[in-house]
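What follows is a single structure, written as structure tokens, with notes after it.
Number of protein chains: 2
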Amino acid sequence: MNNITDDNYLKAIYHLKNSEKNKLVTPTMVANELLIKPPSVLEKLKSLSARKYLTYNKESGIILSKTGKEIAINVIRRHRIWETYLHKHLGFNWSEVHEAAEDLEHVRNEKLIDKIYEVLGNPEFDPHGDPIPNKQGVFPKSERKLLSTSLVGCKLIIVGVIEHSDSFLKYLSEININLNDKFSIQKIIEYDGSIQLKNKKNEFIQISKLIADKIMVRCEKVNCECK
Amino acid sequence: MNNITDDNYLKAIYHLKNSEKNKLVTPTMVANELLIKPPSVLEKLKSLSARKYLTYNKESGIILSKTGKEIAINVIRRHRIWETYLHKHLGFNWSEVHEAAEDLEHVRNEKLIDKIYEVLGNPEFDPHGDPIPNKQGVFPKSERKLLSTSLVGCKLIIVGVIEHSDSFLKYLSEININLNDKFSIQKIIEYDGSIQLKNKKNEFIQISKLIADKIMVRCEKVNCECK
DNA sequence: AATAAGTATTAGGCAACCCTAACTATAAAA
DNA sequence: TTTTATAGTTAGGGTTGCCTAATACTTATT
Numbered sequence: 246m247n248n249i250t251d252d253n254y255l256k257a258i259y260h261l262k263n264s265e266k267n268k269l270v271t272p273t274m275v276a277n278e279l280l281i282k283p284p285s286v287l288e289k290l291k292s293l294s295a296r297k298y299l300t301y302n303k304e305s306g307i308i309l310s311k312t313g314k315e316i317a318i319n320v321i322r323r324h325r326i327w328e329t330y331l332h333k334h335l336g337f338n339w340s341e342v343h344e345a346a347e348d349l350e351h352v353r354n355e356k357l358i359d360k361i362y363e364v365l366g367n368p369e370f371d372p373h374g375d376p377i378p379n380k381q382g383v384f385p386k387s388e389r390k391l392l393s394t395s396l397v398g399c400k401l402i403i404v405g406v407i408e409h410s411d412s413f414l415k416y417l418s419e420i421n422i423n424l425n426d427k428f429s430i431q432k433i434i435e436y437d438g439s440i441q442l443k444n445k446k447n448e449f450i451q452i453s454k455l456i457a458d459k460i461m462v463r464c465e466k467v468n469c470e471c472k
Numbered sequence: 246m247n248n249i250t251d252d253n254y255l256k257a258i259y260h261l262k263n264s265e266k267n268k269l270v271t272p273t274m275v276a277n278e279l280l281i282k283p284p285s286v287l288e289k290l291k292s293l294s295a296r297k298y299l300t301y302n303k304e305s306g307i308i309l310s311k312t313g314k315e316i317a318i319n320v321i322r323r324h325r326i327w328e329t330y331l332h333k334h335l336g337f338n339w340s341e342v343h344e345a346a347e348d349l350e351h352v353r354n355e356k357l358i359d360k361i362y363e364v365l366g367n368p369e370f371d372p373h374g375d376p377i378p379n380k381q382g383v384f385p386k387s388e389r390k391l392l393s394t395s396l397v398g399c400k401l402i403i404v405g406v407i408e409h410s411d412s413f414l415k416y417l418s419e420i421n422i423n424l425n426d427k428f429s430i431q432k433i434i435e436y437d438g439s440i441q442l443k444n445k446k447n448e449f450i451q452i453s454k455l456i457a458d459k460i461m462v463r464c465e466k467v468n469c470e471c472k
């Protein structure tokens with residue numbers, strides 16, 4: 246439970262690095278992510294870099310060191326394991342898990358996290374479809390891609406979402422799209438990029454491009470053009 | 246997760262009040278309990294009393310207000326529910342539960358604590374035999390008494406321990422005394438107050454007065470003199 | 001009553017985190 | 001190129017939570 250702030254900074258930096266690939270991570274980006282002001286970030290960066298968790302300069306931005314990355318991955322690991330546990334063992338739904346996990350991720354008791362990981366059967370993905378790194382910090386491989394990059398005829402399985410907001414997750418539940426559901430792509434409207442899906446019950450579901458950009462899928466059609 | 250320090254102060258004060266009944270709670274006692282120095286306590290007391298969680302003056306010592314007591318009981322409730330959960334659902338033993346619970350007790354997600362309490366079947370006692378207050382803050386009744394106040398012939402069931410230290414709990418396990426075990430009292434040595442117990446397998450276990458002072462029991466012999 | 005011992009308090013400091021205000025680069029736009 | 005934003009930085013502040021040193025009380029003990 247010590248160093249909750251360190252945890253949060255390192256996690257935020259890690260996330261930023263991975264979301265905006267190739268772009269560099271700046272103090273202002275971190276400030277926005279953590280809902281604080283840039284000077285606070287600057288100050289903390291000094292402390293974190295003094296402890297060799299990262300380096301920072303204007304040219305290359307903030308770069309996590311090996312140790313810094315390990316800590317961040319560990320926080321993410323704990324977060325996702327808890328989310329999975331809350332979902333599978335305590336009946337929390339898609340949109341409820343995040344908040345509780347946000348606190349639980351800071352509990353550093355190793356035996357505890359090992360135990361619930363084991364009880365869950367060493368899962369590779371959390372209830373949002375996000376990969377759970379193993380104890381060595383290695384993420385599982387998967388051929389996930391954005392729904393919006395799929396083609397007519399793709400046989401899809403929903404493997405994850407990019408946005409975790411309550412409203413988004415609730416919307417998905419409402420239109421009957423849930424993790425591990427299977428769909429085929431019926432039609433893609435050129436005009437606005439919206440997609441018509443067909444589910445197992447032969448019902449049709451219409452999805453806007455905006456939504457399709459936030460859903461991760463795996464295409465199970467052999468040799469599909471989409472890959 | 247906010248106000249972890251407030252939680253810890255209020256919990257410490259509550260515990261002190263209840264352990265040293267009738268005695269008044271002083272700043273130095275709190276400092277010792279929390280492993281900090283008296284001036285830190287004095288300072289915090291100002292803040293807590295400004296927020297009406299307690300009152301303090303030299304004559305009556307530190308006295309929790311209704312709200313203060315509620316918060317303390319809630320922390321204790323969360324702690325004991327987690328301990329029970331770790332023990333029953335995650336296979337932690339007697340001496341392992343405390344440390345993890347010390348962090349988990351600060352996670353304030355109500356749905357989470359309600360859920361695990363429910364999954365456990367609304368238990369009334371934790372793995373150390375300590376009572377778990379219900380959601381309204383009411384502790385369950387029980388006729389527990391110290392083993393050291395028992396008499397020859399008592400038919401006892403172990404319902405709790407007063408000390409939670411690792412070494413103590415490990416010792417009890419080693420000499421084969423565990424929660425809910427049943428014993429009868431075979432002999433009491435006047436000279437040093439040590440007690441000879443007989444277990445269900447007719448094995449004898451010798452216990453010093455010091456140990457007997459830290460074990461809570463319930464006597465199941467009808468109309469026993471010990472009450 | 002005088003000394004010793006321990007408790008309560010005040011004063012003054014330090015570190016962690018966060019903030020606003022103000023200044024400096026830097027990059028985009030006019 | 002000059003203006004205008006925007007991002008980065010520094011300076012200076014506030015709060016919380018903890019500390020040491022010094023002082024003021026109390027309470028035993030001699």
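Top to bottom, those sequences are chains A and B. In case it helps, our numbering puts the first sequence at residues 246 to 472. In case it helps, our numbering puts the second sequence at residues 246 to 472. By construction, the Cβ of each residue, glycine as well, lies at the ideal position given by its N, Cα and C atoms.
(message) In the DSSP assignment, the alpha helix (DSSP H) including VAL275/B goes from what residue to what residue?
(response) 272-279
(request) Below 9 Å between beta carbons is the criterion; list the residues of the segment 338-359 of chain B that meet it against any residue of chain A, in chain order. (result) GLU341, GLU344, ALA345, GLU347, ASP348, LEU349, HIS351, VAL352, ARG353, ASN354, LYS356, LEU357
(request) List the residues of chain B whose Cβ lies closer than 8 Å to the Cβ of MET246/A, in chain order. (result) ILE249, ASP348, HIS351
(request) Would you mind listing the alpha helix (DSSP H) stretches within the segment 277-355 of chain B that are 4+ residues and don't spill past its ends, in chain order? (result) 283-295, 311-335, 342-349
(request) Report the residue from LYS311/B, VAL406/B, LYS282/B whose alpha carbon sits nearest the alpha carbon of SER294/B. (result) LYS311/B
(request) Kindly indicate if chain B contains any beta-carbon less than 7 Å away from that of LEU414/A. (result) no
(message) Using CA atoms only, rank isn't needed, just tell me which of SER429/B, LEU335/B, LEU269/B is closest to GLU304/B.
(response) LEU269/B
(message) For LYS256/A, report the span of its alpha helix (DSSP H) as first-last.
(response) 249-264
(request) Output, in chain order, the set of chain A residues within a Cβ distance shorter than 9 Å of ILE361/B. (result) LEU335
(message) Could you pull the DSSP bridge partners for CYS464/A from this structure?
(response) LEU401/A
(message) Looking only at its chain, what residues have a beta carbon closer than 7 Å to the beta carbon of ILE402/B, apart from the 5 residues adjacent to it on each side?
(response) ASN425, LYS427, VAL462, ARG463, GLU465
(message) Taking 7 Å as the threshold (C-beta atoms), are ASP375/A and THR329/A in contact?
(response) no
(message) With a threshold of 6 Å on Cβ separation, who are the neighbours of THR271/A within its own chain once the five nearest residues in sequence on each side are excluded?
(response) The beta carbon of THR271/A sits closer than 6 Å to the beta carbons of GLY306 from its chain, once the five residues preceding and following it are set aside; these are given in chain order.
(request) Quick one: give me the first and last residue of the alpha helix (DSSP H) that LEU417/B is part of. (result) 411-419
(request) Could you spell out where the beta strand (DSSP E) holding ILE456/B opens and where it closes? (result) Here ILE456/B belongs to no beta strand (DSSP E); instead the alpha helix (DSSP H) covers 454-457.
(message) Based on DSSP bridge pairs, tell me the residues matched to PRO376/A.
(response) PHE370/A
(message) If contacts are defined as beta-carbon pairs under 8 Å, then LEU261/B and GLU278/B qualify, I think. What distance do you get, rounded to the angstrom?
(response) 6 Å
(message) Residues of chain B with CB closer than 7 Å to the CB of VAL320/A, please, in chain order.
(response) Going along chain B, no residue has its Cβ under 7 Å from VAL320/A, so there is no contact; the nearest lies around 14 Å.
(request) Give every residue of the same chain whose Cβ lies closer than 8 Å to the Cβ of GLN441/B, excluding the five residues on either side of it in the sequence, and list them in chain order. (result) ILE430, GLN431, LYS432, ILE433, ILE434, PHE449, ILE450, GLN451, ILE452
(request) Can you grab the Cα-Cα spacing for the pair MET274/B / THR250/A, in whole Å? (result) 30 Å
(request) Tell me whether SER429/A sits in a helix, a strand or coil according to DSSP, three-state version. (result) For SER429/A, the three-state secondary structure derived from DSSP is strand.
(request) Express the C-alpha separation of ILE407/B and ASN263/A in angstroms, rounding to a whole number. (result) 50 Å
(request) Starting from GLN441/B, trace the beta strand (DSSP E) both ways and give me its first and last residue. (result) 440-444
(request) Alpha carbon to alpha carbon, how far is PRO283/A from LYS445/A? Give it in angstroms, no decimals. (result) 49 Å
(request) Please say whether LEU309/A and ILE361/A have beta carbons closer to each other than 7 Å? (result) no
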